[in-house]
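Beneath this line is the structure, given in structure tokens, with notes to follow.
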Amino acid sequence: MSADELIKVLIVDDIAETRENIRKLLQFEADFEVVGAARNGQEGIELAKELQPDVILMDINMPDIDGITA
């Protein structure tokens with residue numbers, strides 16, 4: 015990754031307000047770009063394969079597939 019490339023972030027959380035708050039916080043950081051957001055672990059896995067983010071911020075306590083299992 016070169017110095018001028020943004021760090022691509024995927025947000026995964028079952029609470030919409032949390033996803034939005036994280037997105038808003040990351041807008042203040044010039045080096046980060048939120049490339050996607052998912053509502054659950056399964057959707058997060060699928061988006062991670064598709065989007066190839068550099069960082070995944072994932073809730074570890076979600077129904078079905080949590081952040082630890084994913």
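Numbering-wise, the sequence shown is residues 15 to 84 according to the numbering used here. For glycine and all other residues, C-beta sits at the position ideal for the given N, C-alpha and C.
Phenylalanine 42 and aspartate 18 have their C-alpha atoms roughly 17 Å apart.
Judged by beta-carbon spacing, leucine 61 lies beyond the 8 Å limit of valine 23, meaning their Cβ atoms are not closer than that value.
Straight across, the Cα-Cα distance linking asparagine 75 with alanine 30 is about 14 Å. Glycine 55 sits close to threonine 83, with the two beta carbons spaced by under 8 Å. For leucine 39, there is no enclosing beta strand (DSSP E); the residue is found in the alpha helix (DSSP H) stretching over 30 to 40.
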